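Below is one structure; the comments refer to it alone.
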Amino acid sequence: MGKAWHANAQFPWEIARYVGGIENVKINLTLRIYSQKWHVYAGLAILNPYAKEQIRQYSQSVTDLFKLMLGGNREEFERRIRAAGAAVFDAQKSHHGILLEDEVLDRFSLGKKPDEPTPNNHLSLLAMVDCWSRMGIVPYDHMICSTPLFRLWLGVTEYLFRQPALLDDVIRIAIEDNTFRSDDLEFTFAARGWSDCVTFGDFESYKDRFESTRKFFEPRFADATKVGNEMMKTILMNTMRE
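Residues 176 to 417 (our numbering) are what the sequence shown spells out, left to right.
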């Protein structure tokens, strides 16, 4: 997401369509990652064969879903999304409450929330669940050793997939609404670029990609860290209650 926003020269908290709800989590998660040192994530990605496999599959999921969106293939797109959601979340419905609620999502914002939210297809979240499904990963099985960032990512994907009306709307928007199409294109490029970088074990390219985007977002790191810390505390409390 960060690389895509950078490519479009967008500060998402200054754009109304990226403020509020799920967007708050995506922005804070992105800025939290880029406020760290590049080698922390490079090592985790490049030196871990299992991480390489997940990154490759995530990139493939993004690409596959984007192609279905471009082709207007709603039936196959919806089938794939619902199958992925069922594989990842259905078994958890009777055991877990939702990790993130509306009030929590709207509380942590770096920008002014618009009166009417702009629809978004949330390709990044749909692809994450598709990736987990295709790799046979049940993320709840890894909660005990998960990082706060992982819990935040799981919380926001769960929020989307466990609200039928919201998921219905996202599927419709993905096929019918072109508002975010150029952003989706840059996101697909970014996902594939990171995947290639990790697959080739190219630390220098990873550093260059990371540092250029880090510099772009750096002016807002202080605000993002403060807001992000509060968000992390909230979701950690929710997971501890489960």
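The beta carbon of each residue, even a glycine, is placed where N, CA and C say it ideally should be. Computed from a predicted model, the values in this text were never measured in an experiment.
Residue from the options whose Cα sits closest to the Cα of residue i
i	options	result
T418	L301, G247, G311, E198	The chain is shown from 176 up to 417; residue 418 falls before or after that span and cannot be answered.
I230	F241, D343, H181, Y216	Y216
P294	Q235, E361, E351	E351
P323	R207, Q185, I202, A366	R207
A262	C306, E251, F252, Y225	C306
G132	F391, A349, D358	For residue 132 there is no data in the structure shown, the boundaries of the chain being 176 and 417.
T400	K178, I202, A266	I202
A266	E361, I197, S308	S308
T205	F396, E405, A226	F396
R347	N404, G196, E361, N248	N248
V313	H297, L298, T332, N296	T332
Where residue i falls, given that 16 or more other Cβ within 10 Å makes a residue buried
i	result
M176	buried
H317	exposed
Q232	buried
N353	exposed
V373	buried
F264	buried
R356	exposed
D383	exposed
N199	buried
L219	exposed
S387	exposed
H214	exposed
M310	exposed
P187	buried
D343	exposed
D398	exposed
For residue i, three-class secondary structure by DSSP
i	result
V345	helix
G205	The sequence given here has Thr at residue 205, not Gly. T205: helix per DSSP, three-state reduction.
A184	coil
I221	helix
G311	coil
S321	coil
S299	helix
M244	helix
T400	helix
G196	coil
Q211	coil
T293	coil
At what residue ranges does the segment 335-384 contain a whole run of the alpha helix (DSSP H), taking only runs of 4 or more? 339-351, 356-374
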